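Structure, as structure tokens:
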Amino acid sequence: MAKQSAENQRSIAAVNRTLRSIIEAETLEHYFWVGGKIQRFYQSDLGHCYFDLVDGKTRIRCMLHDKVRGDIHFDLQNGLDVEVYGDVRFYEFRAETQIFVRDIRLGDVAFAERPAIDRLRDAGLYPPQKRLPPQRIRRIGCITGRSSRAIGDFETAYQSAGERAVLAPLSWTYVLLEGERAAQSIVDAIRTLDNTDSVDAIAIIRGGGRYDDFAAFESFEVAQAISQCQTFLVTGIGHHRDQTLSDQVADHAASTPTAAAHFLARHCLSAASDLQPKTPSRAVAAASDLQPKTSNRAVAALVIVAAVIVIVLGIILLRASM
3 MAKQSAENQR SIAAVNRTLR SIIEAETLEH YFWVGGKIQR FYQSDLGHCY
53 FDLVDGKTRI RCMLHDKVRG DIHFDLQNGL DVEVYGDVRF YEFRAETQIF
103 VRDIRLGDVA FAERPAIDRL RDAGLYPPQK RLPPQRIRRI GCITGRSSRA
153 IGDFETAYQS AGERAVLAPL SWTYVLLEGE RAAQSIVDAI RTLDNTDSVD
203 AIAIIRGGGR YDDFAAFESF EVAQAISQCQ TFLVTGIGHH RDQTLSDQVA
253 DHAASTPTAA AHFLARHCLS AASDLQPKTP SRAVAAASDL QPKTSNRAVA
303 ALVIVAAVIV IVLGIILLRA SM
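Numbering-wise, the working numbering comes out as the position in the sequence shown, counting from 1, plus 2.
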């Protein structure tokens with residue numbers, strides 16, 4: 003092969019610079035999501051992470067900066083199903099194309115397998131932002147099973163706590179409490195009541211049972227719906243010993259349905275007393291009316307006594323001079 007002329011010769015560095023300019027002209031700051039499994043994971047001494055993102059027989063190298071890695075709430079490891087967000091860069095030293103990762107999240111399979119509380123953290127919903135009860139409750143939307151014994155306990159405790167004219171009326175939404183469709187049934191009820199303007203508080207109640215009976219209230223879907231609910235929400239699930247993930251994210255978690263009823267009734271009564279005008283009692287008003295009259299009479303009596311004394315002294319002095 004004939005020797006090439008000097009103008010046709012290039013260094014490896016020059017070739018790689020050309021490749022970089024071509025590739026990054028089309029990809030730099032064009033951000034996208036792409037998913038796959040992590041392989042060949044490596045973390046440098048500086049804390050940067052390098053790994054291959056693999057989808058079947060195809061792969062691409064990824065680089066995750068230490069500053070971004072600090073915002074990730076799960077451990078990166080080989081075999082983990084993830085989605086990365088970033089743009090494509092070209093590393094000249096090795097002529098290697100890689101995704102410069104700006105964000106990373108678990109893929110659908112890995113996300114579904116994570117504990118519900120970790121998924122809430124990833125979604126920014128845990129720890130929960132609990133709210134105070136509204137100043138006035140016009141109606142309480144209650145969610146429970148149609149045949150739940152908690153209904154009777156809740157209604158009895160609620161109605162016996164105060165005057166019916168003061169307590170907010172209750173409206174009942176019946177859902178499935180157990181089984182595969184229970185979580186979605188509860189989620190639908192929460193979102194429906196949350197979009198009902200006249201409902202100012204929501205109560206989710208159910209009676210006691212075995213640990214497996216509370217599976218729906220341990221689910222990510224129900225906990226997410228409670229966390230995202232804009233209406234003040236109270237739970238009264240099971241007995242004193244029962245504490246579900248739904249209780250943890252609710253605005254107020256009562257130990258039983260009865261305790262939930264007492265809490266809401268007390269708030270209705272307290273709100274009603276705060277709205278009443280502060281007028282003085284009849285006894286206080288009467289005392290205040292009598293006070294100036296009594297003081298006037300005392301002054302008049304003192305004046306009369308003084309006048310009598312002056313007259314008596316005048317008579318005595320008159321007789322002594324005669």
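Yeah, the Cβ is synthetic: ideal placement off N, Cα and C, and Gly gets one too. For clarity, every value in this text was computed on a predicted model and none was experimentally measured.
Please return the same chain residues whose Cβ sits closer than 7 Å to the Cβ of Val189, not counting the five positions on each side in sequence. One-based indexing of the sequence shown puts residue 189 at position 187. Closer than 7 Å at the Cβ level, and outside the excluded window around Val189, lie Glu223, Val224, Ala227.
Threshold first: 4 residues or longer. Then list the alpha helix (DSSP H) segments lying entirely within the segment 120-173, N to C. Listed in chain order, the complete alpha helix (DSSP H) runs (minimum 4 residues) inside the segment 120-173 are 152-161.
By DSSP, does Thr20 sit in helix, in strand, or in coil? Looking up residue 20 in the sequence shown gives position 18. Thr20 falls in the helix class under three-state DSSP.
Grab me the residues of Gly109's own chain with a C-beta within less than 7 Å of its C-beta, minus the 5 sequence neighbours each way, in chain order. For the purposes of this step, residue 109 is taken as residue 107 along the sequence shown, with counting starting at 1. Cβ contact annotation for Gly109 (same chain, cutoff 7 Å, sequence separation greater than five): Gly37, Asp83, Val84, Glu85, in chain order.
In whole angstroms, give me the CA-to-CA distance for Lys39 and Asn80. In the sequence shown, the residue the question calls residue 39 occupies position 37. In the sequence shown, the residue the question calls residue 80 occupies position 78. Their Cα atoms are separated by approximately 7 Å.
Between the CA atoms of Asn18 and Phe95 - distance to the nearest angstrom: By one-based count along the sequence shown, residue 95 stands at place 93. By one-based count along the sequence shown, residue 18 stands at place 16. Their backbone Cα atoms lie some 8 Å apart in a straight line.
Determine the direct distance from the alpha carbon of Val90 to that of Glu26, and round the result to whole angstroms. Sequence index remark: in the sequence shown, residue 26 carries index 24 (1-based). Sequence index remark: in the sequence shown, residue 90 carries index 88 (1-based). Here the alpha carbon of Glu26 sits roughly 7 Å from the alpha carbon of Val90.
Tell me, please, whether the segment 142-150 touches the segment 202-220 by the rule of three or more beta-carbon pairs shorter than 8 Å. With a cut-off of 8 Å on Cβ pairs, the segment 142-150 is in contact with the segment 202-220, counting three or more such pairs.
Do Gly164 and Ala267 have their C-beta atoms closer together than 8 Å? For this step, residue 164 is matched to residue 162 along the sequence shown. For this step, residue 267 is matched to residue 265 along the sequence shown. Closer than 8 Å, so yes.
According to DSSP, Val90 sits in a beta bridge with which residue or residues? Residue 90 sits at position 88 when you count from the first residue of the sequence shown. Its beta-bridge partners are Ile101.
Terminal residues of the alpha helix (DSSP H) in which Leu247 lies: As a first step, residue 247 must be located in the sequence shown, where it is residue number 245. Looking at the DSSP string, the run of the alpha helix (DSSP H) that includes Leu247 is 247-251.
Tell me which residues share the same chain as Gly209 and place their Cβ nearer than 8 Å to its Cβ, disregarding the 5 neighbours each side in the sequence. Walking along the sequence shown from the start, residue 209 turns up at place 207. Ser150, Arg151, Ala152, Asp155, Gly240, Pro259, listed in sequence order.
If Phe92 sits next to Arg22, beta carbons under 8 Å apart, how far is it from one beta carbon to the other, in whole angstroms? Within the sequence shown, numbered from 1, the residue matching residue 92 stands at position 90. Within the sequence shown, numbered from 1, the residue matching residue 22 stands at position 20. Contact flag correct, Cβ pair sits at about 4 Å.
Going by C-alpha distance, which of Thr60, His50, Gly88, Phe216 is nearest Trp35? Numbered from 1 along the sequence shown, position 33 holds the residue referred to as residue 35. Comparing Cα positions, the closest option is Gly88.
Excluding five sequence neighbours on each side, which residues of the same chain lie with their C-beta closer than 8 Å to the C-beta of Arg148? Your numbering for residue 148 matches position 146 in the sequence shown. Tyr176, listed in sequence order.
Among Tyr52, Leu247, Thr29, which residue has its Cα nearest to the Cα of Ser229? The residue you call residue 229 lines up with position 227 of the sequence shown. In this structure, Leu247 is the residue among Tyr52, Leu247, Thr29 with its C-alpha nearest to the C-alpha of Ser229.
Give the straight-line distance between the Cα atoms of His67 and Ile24, rounded to the nearest whole angstrom. As a position in the sequence shown, residue 67 is number 65, starting the count at 1. As a position in the sequence shown, residue 24 is number 22, starting the count at 1. Approximately 24 Å, taken between the alpha carbons.
So Asp196 and Thr233 are supposed to be a Cβ contact under 8 Å. How far apart are they, rounded? As a first step, residue 196 must be located in the sequence shown, where it is residue number 194. As a first step, residue 233 must be located in the sequence shown, where it is residue number 231. Right, the Cβ-Cβ distance comes to about 5 Å (below 8 Å), so this counts as a contact.
So if DSSP puts Ile62 in a beta bridge, which residue, or which two residues, is it bridged to? Translated into positions along the sequence shown, residue 62 becomes position 60. Ile62 pairs with Leu55.
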